[in-house]
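First the structure, in the form of structure tokens, and then the observations on it.
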Amino acid sequence: MMLKKSKHKVIFSNKILNTLRLINIYPRRKQQSSMDCSEPSSSRAGSSEPQNMECSDEIQWRFSQIKGNIETDDAPTDADIISCVEFSHDGELLATGDKGGRVVIFQRDQSGVYLNGVRTSEYNVYSTFQSHEPEFDYLKSLEIEEKINQIKWMKKKNAANFIISTNDKTVKLWKISERERKMADGGYNLRSCRLISGSPLQLPMLVPMELIVEASPRRVYANAHTYHINSISINSDQETFISADDLRINLWNHEITNQSFNIVDIKPTNMEELTEVITAAEFHQQHCHLFAYSSSKGIIRLCDMRDSALCDGPARTFEEKEDPAARSFFSEIISSISDVKFSRSGRYLLTRDYLTVNVWDLNMESRPVETYHVHDCLRSKLCTLYENDSIFDKFECCWSGDDRHVITGSYNNHFRTFKRNSHVESTYEASLELCKPFRQPQYPSSERLRGGERKEEINSDFLDFNKKILHCAWHPLADIIALAATNNLYIFEGVQPS
């Protein structure tokens, strides 16, 4: 069915949750006291993973590379701030998008260099191109930013690679191909339709040339979203994908650009009755008929497209009931889910809210089976975070290739890794200090490991809320992670502790 353009004039701003608070949808709750950042994460019953995994599986992270301008102390321009990071399915390519609408693709070193039997984790620039340009909607008097909100890789089927990128309104399909041969100059003599009698026939010939990587747009999927697109996800069948905005989710076929199907619509008839918005959506890793989406109320809904064409009634709803006595003004703000990811096995869902990372079993809807506290010490600073809008930051999370570890970002350019079903958790810092001579830290910590600054018992009074790791990605086949810290891309490789 063809999506019809909505006549509604309400456009959600980038701070959609900030808008919702103005219509008084947040319930009151008693504010909890601060908790120490080094508190062990809780692991709840219900997980089918082995409970006696050895501590030798702990990963220590060693700094590998930094991409971006590190020579100047000037504040980065807004256009250079990285807005998304994504590995390809084999991990050979790594794509980043920024607020300037550019996509930069890095390729893992192809020289075959091995160190101690391990392939190098170095990535080099492979291709750079402008994916989106700023636009203006004259009907709504609205500026459309060129910022890349998400990038997704399609599985490789031939020599070329394909990626899908999106800004707030338009999704594009790009072909990334290599060209290392060209037609030789003067290698043919067919200058007209009539062959000159007596002259030898010369056919065109291809000769080697310097490798050129070309990015060419193949499809543009536009005019289907009234509100800002926050997520795209490619189906396991590699034929369809979904795009989600604040109130709707659309299903597309890769080959059809002028038609999509609306499969989720939570927009109320009266916008004053709006109580939640869609924050993220993703397809299941194996089952092409299943997808999940999260909301600003901390609810995850699993939908089955076999049930009905419009999946407003989810097959399963994952929600942890909150103690009414523990509610505060900030309860619903910090419970808003900013990211949702299916595990590689397809059995679990990983979600991130403001303070915690949760693992949900698809067979258990009442509560998460695992909860990991990221920066619970910030509970006492929610008022300050609310005033400077940091409480609306949207942190991402991701699985390791074997589903045994999870990673997410925090403030002060810290990132945290958790080994599942154990109390093994680590905090590191992605910092320019890794690339410069060592200087004394400006905040207390009980332990520091070079090659990634490991922090324990972090004092929240010394955190810089302008430095934060919102976007992260884990190599699907190796212990390599990519982290976006403002305008710099950090790459770390995992090593087993001796």
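Residue numbers (the numbering used here): 9 to 506.
Positions of the beta carbon are idealized from the N, C-alpha and C atoms, including for glycine.
Neighbourhood of residue i by C-beta, 6 Å cutoff - its chain only, sequence neighbours within 5 removed
i: V503; result: Q68 and R70
i: E501; result: R70, S72, S129 and I488
i: H483; result: F95 and G99
i: A493; result: N421, A438 and I477
i: Y419; result: L471, F473 and K476
i: L181; result: I172, R226 and R227
i: T136; result: V112
i: Y498; result: I74, A438 and L491
i: K160; result: I172, I240 and I242
i: R360; result: S346, D347, F403, C405 and T416
Minimum C-alpha distance to residue i - residue among the options
i: E93; options: A87, T104 and Y419; result: Sequence inspection shows Val at residue 93; the Glu mentioned does not correspond to that position. Comparing Cα-Cα distances from V93 to each of A87, T104 and Y419, the minimum goes to T104.
i: L3; options: I308, K329 and S339; result: Lying outside 9 to 506, the shown extent of the chain, residue 3 is not represented and no answer is given.
i: F299; options: S434, C406, N157 and S239; result: S239
i: F426; options: D411, S439 and A438; result: D411
i: L491; options: S241, T416 and T287; result: T416
i: D320; options: P505, V414, N157 and K275; result: K275
i: V111; options: P216, I74, I171 and H413; result: I171
i: V348; options: Y362, E280, T136 and E290; result: E290
i: H479; options: H383, F403, R187 and S346; result: F403
i: A323; options: H297, L102 and K155; result: H297
i: E154; options: N166, M162, S139 and D145; result: S139
i: T277; options: L123, V133 and L255; result: L255
i: R355; options: D397, D469 and L310; result: L310
i: T234; options: M217, N124 and L147; result: L147
i: E151; options: G76, H236, V365 and N166; result: H236
Cα-Cα separation, residue i to residue j
i: V121; j: F114; result: 17 Å
i: I477; j: Q118; result: 28 Å
i: V432; j: R375; result: 22 Å
i: E47; j: T379; result: Low local confidence applies: a pLDDT of 41 at E47 is under 50, so the model's placement there is unreliable, and no value is given.
i: L214; j: E222; result: 18 Å
i: E284; j: D369; result: 23 Å
i: S339; j: H262; result: 40 Å
i: W260; j: K305; result: 27 Å
i: N496; j: I89; result: 8 Å
i: V179; j: H295; result: 23 Å
i: Q246; j: K164; result: 10 Å
i: P142; j: S149; result: 13 Å
i: A83; j: L440; result: 14 Å
i: A232; j: S316; result: 21 Å
i: Y131; j: A486; result: 14 Å
i: S346; j: N175; result: 17 Å
i: S302; j: N258; result: 15 Å
i: I156; j: A252; result: 14 Å
i: T248; j: D312; result: 15 Å
i: F144; j: V377; result: 45 Å
i: H381; j: M372; result: 20 Å
i: L318; j: I286; result: 16 Å
i: A481; j: P212; result: 45 Å
i: E395; j: D469; result: 16 Å
i: P505; j: I78; result: 30 Å
i: R314; j: A288; result: 21 Å
Contacts around residue i, its chain only, beta-carbon distance under 7 Å, and the 5 residues preceding and following it disregarded
i: S351; result: L358, W407 and D411
i: T265; result: R227, V228 and Y229
i: A87; result: D106, K107 and G108
i: S353; result: D411
i: D219; result: It should be noted that the sequence gives Leu, not Asp, for residue 219. Taken in chain order, the residues that qualify are E186 and E188.
i: A168; result: K183, I184 and S185
i: H413; result: I67, T425, F426, K427 and R428
Own chain residues within Cβ distance below 8 Å of residue i, not counting five before or after
i: I8; result: Because the chain in this structure spans residues 9 to 506, residue 8 falls outside the shown range and cannot be described.
i: Q59; result: Residue placement at Q59 is flagged as unreliable, the pLDDT there being 38, under the threshold of 50; the coordinate-derived value follows with that caveat. For Q59, where only same-chain residues beyond five positions count, the Cβ hits under 8 Å are N429.
i: S91; result: G105, D106, K107, K155, I156, N157, H479 and A492
i: H97; result: W161, K163, K164 and P484
Problem - Cβ contact check for the segment 257-270 and the segment 320-333: 3 or more pairs under 8 Å - result: At 8 Å Cβ cutoff, the stretches do not touch.
Exercise for the section: Could you pull out every unbroken beta strand (DSSP E) segment of at least 3 residues lying fully inside the segment 249-299, listed in chain order? Expected result: 256-261, 269-273 and 286-291
Problem - Uninterrupted alpha helix (DSSP H) stretches inside the segment 315-388 (no shorter than 4 residues) - result: Segments of the alpha helix (DSSP H) lying fully in the segment 315-388: 339-343.
Practice task
Starting from the N-terminal side, write out each stretch of the beta strand (DSSP E) that is 3 residues or longer and does not extend beyond the segment 136-186.
Solution key: 143-145, 150-152, 158-161 and 169-174
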